[in-house]
Amino acid sequence: MLTTSLIWGIVTAVCCCLWLIFGIRRRQMGEPPLENGLIPYLGCALKFGANPLEFLRENQRKHGHVFTCKLMGKYVHFVTNSLSYHKVLSHGKYFDWKKFHYTTSAQAFGHRSIDPSDGNTTENINNTFNKTLQGDALNSLSEAMMENLQLVMRPPGFPKSKSAAWVTEGMYAFCYRVMFEAGYLTLFGRDHTRQDTQRALILNNLDNFKQFDKVFPALVAGLPIHMFKTAHKARERLAEGLKHEKLRTRDQVSELIRLRMFLNDTLSTFDDTEKAKTHLAILWASQANTIPATFWSLFQMMRSPEAMKAATEEVNKVLENAGQKLSNSIYLNQMQLNDLPVLDSIIKEALRLSSASLNIRTAKEDFTLHLEDGSYNIRKDDIIALYPQLIHLDPEIYPDPMTFKYDRYLDENRKTKTTFYSNGIKLKYYYMPFGSGAMICPGRLFAVQEIKQFLILMLSCFELEFVDSHIMCPLLDQSRAGLGILPPLNDIEFKYKLKHL
Ligand code: HEM
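For the sequence shown, our numbering gives the first residue as 1321, with consecutive numbering after it.
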């Protein structure tokens, strides 16, 4: 017994020595300061995951603006100085923008690689996104979203007696329900069943989406979905509803999904389920950030009487100028939606306070990264990361950074403010909830428009109140840090009532 323990002890000690000698990377000349962490493979992942902002600030104090951390077997170079962001982005030729995203998508949604170089498809999916989420395509998306929001928020034939009553609901639950239903209809169109049957189906999808989304951070971290039975089932059910044979029976399917169906059918070797899973990836991208962003925009606006007043005045004015009557269906065109600086500022400020995305690029080869404050050698396959929350909450750039100021993004003429400074130097990158460079979110214009449309309808068609008049701001759910807009840790109750129009 003693001999067995001794042998195991020696084996463990030898493994530790081997790991120390060969498993730990050593910092070489010209490389950024390195944090290997104490745990093999994980490195600093646990500390980073517990509170990324604090972890990065601590390393910034210790090492300066650029440092390397081992995270889940990868070496990640964090660049934390906002003045260096444009320099990072100018090294585009050394970066592989897609590798990380394509691998993560396959891992989380369960399709084979969508990277054309892996041979399963020849579709350039970024081109598809840019073609169908921006430019002329944005008009029809936006128009459909406004119609669907109204269908969900004030359905035709909604009984007058009901509309006169106050409804109390969790604000996050409300935003989730409304944005999911309207967003689902906008992308994937309507089926031919009655509206209540269709609603029941979508709400069933919403439950599955919630189950799946709950484990999303774990899937991105590399855990297999088989570890999560309920979420796995939910993912498969969601994909079932997005199979081409089902989508073909629906009306008013968006151009994005129609083009993706065509390209999936003609350019890929994916089977029916995999094709559906690539659509599920789009459903996730279109909802997972938009829902919490909508919540924070409504919550912060309602909590600030000045914001409510300024937003209501702006909305009344645009509806009046556009000749829109509230008793009818409301429609605003692109120009009218783009000319709402107060709503823009409210949404930006709400996203500044709640966004925690991680912008990632992989080094295609060994190269030297030249930044404002020095040059650093980077090895092939390492990751270069920006964490914009560091700028969003930097008191140099945003004085009193934890306070919601609805007019932070308005200039002295009440137009959109675009000049922000750090150390007296004008910043190119000061607001980045949608990422940056080649991987910037292709749905960002649509996202802002749909949140604006939601706020316009809330302000013009409903009376709104918090149940508790001294409401506290909920904390952010840090378990999703790195993925985008963080949801609130707890829901808050509010009351709404349809106005007599
Ligand atoms: C407030 C809402 C939203 C936020 C904050 C947001 C943010 C982001 C971020 C940070 C990325 C990754 C960028 C990077 O890796 O550097 C991304 C990617 C993406 N977003 Fe959004 N997004 C939002 C809404 C939307 C909407 C409404 C759509 C519409 C369909 C959309 C479609 C996409 C797609 C397709 C990608 C992947 C792009 C690619 O891999 O090529 N997003 N988004």
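Beta carbons: idealized from backbone N, C-alpha and C, even for Gly.
No experiment lies behind these values; they were computed from the predicted model shown.
DSSP three-state assignment for residue i, whether helix, strand or coil
i            : result
residue 1474 : coil
residue 1363 : strand
residue 1484 : coil
residue 1512 : coil
residue 1617 : helix
residue 1629 : helix
residue 1717 : coil
residue 1495 : helix
residue 1411 : coil
residue 1394 : strand
residue 1738 : coil
residue 1590 : coil
residue 1571 : strand
residue 1504 : helix
residue 1577 : helix
residue 1387 : strand
Cβ neighbour criterion (16 or more within 10 Å) applied to residue i
i            : result
residue 1366 : exposed
residue 1472 : buried
residue 1672 : buried
residue 1634 : buried
residue 1487 : exposed
residue 1450 : exposed
residue 1824 : This structure does not reach residue 1824, given that the chain is present from 1321 up to 1821, and the question cannot be answered.
residue 1584 : buried
residue 1617 : buried
residue 1869 : No answer is possible for residue 1869: the residues shown for the chain start at 1321 and end at 1821.
residue 1603 : buried
residue 1730 : buried
residue 1765 : buried
residue 1647 : exposed
residue 1683 : buried
residue 1693 : exposed
residue 1444 : exposed
Residue i Cβ short of 7 Å to the ligand ADP heavy atom set
i            : result
residue 1495 : By its list of ligands, the structure shown excludes the ligand ADP, since it contains just the ligand HEM.
For residue i, the first and last residue of its enclosing beta strand (DSSP E)
i            : result
residue 1704 : 1703 to 1706
residue 1682 : 1679 to 1683
residue 1690 : 1687 to 1691
Distance between residue j and residue i (C-alpha atoms, nearest Å)
i            : j            : result
residue 1559 : residue 1677 : 26 Å
residue 1776 : residue 1660 : 10 Å
residue 1400 : residue 1738 : 21 Å
residue 1555 : residue 1462 : 27 Å
residue 1783 : residue 1645 : 17 Å
residue 1368 : residue 1768 : 30 Å
residue 1577 : residue 1601 : 12 Å
residue 1377 : residue 1620 : 26 Å
residue 1429 : residue 1420 : 14 Å
residue 1372 : residue 1405 : 19 Å
residue 1613 : residue 1349 : 43 Å
residue 1519 : residue 1563 : 19 Å
residue 1396 : residue 1702 : 6 Å
residue 1698 : residue 1457 : 40 Å
residue 1669 : residue 1609 : 15 Å
residue 1470 : residue 1592 : 33 Å
residue 1514 : residue 1521 : 11 Å
residue 1705 : residue 1398 : 5 Å
residue 1741 : residue 1807 : 29 Å
Option nearest residue i by Cα separation, candidates the options
i            : options                   : result
residue 1542 : 1393, 1617, 1351 and 1498 : 1393
residue 1391 : 1723, 1374 and 1355       : 1355
residue 1561 : 1706, 1549, 1504 and 1809 : 1504
residue 1530 : 1467, 1778 and 1492       : 1492
residue 1657 : 1639, 1420 and 1699       : 1639
residue 1735 : 1723, 1727 and 1742       : 1727
residue 1441 : 1499, 1581 and 1495       : 1581
residue 1424 : 1770, 1713, 1680 and 1629 : 1680
residue 1352 : 1595, 1387 and 1706       : 1387
residue 1552 : 1625, 1664, 1536 and 1567 : 1536
residue 1526 : 1761, 1803, 1813 and 1494 : 1494
residue 1792 : 1631, 1812 and 1547       : 1812
residue 1758 : 1545, 1745 and 1446       : 1446
Element boundaries [alpha helix (DSSP H), containing residue i]
i            : result
residue 1524 : 1515 to 1534
residue 1815 : Counting along the chain, residue 1815 falls outside any alpha helix (DSSP H), though it belongs to the beta strand (DSSP E) covering 1813 to 1818.
residue 1449 : 1445 to 1453
residue 1379 : 1372 to 1383
residue 1785 : Per DSSP, residue 1785 belongs to no alpha helix (DSSP H); it is in the beta strand (DSSP E), 1782 to 1786.
residue 1550 : 1549 to 1560
residue 1422 : 1419 to 1429
residue 1667 : 1661 to 1674
residue 1697 : From DSSP, residue 1697 is part of no alpha helix (DSSP H) but of the beta strand (DSSP E) over 1694 to 1698.
Test: residue i CB closer than 8 Å to a CB of chain C
i            : result
residue 1529 : The structure shown contains no chain C; it is built from a single protein chain.
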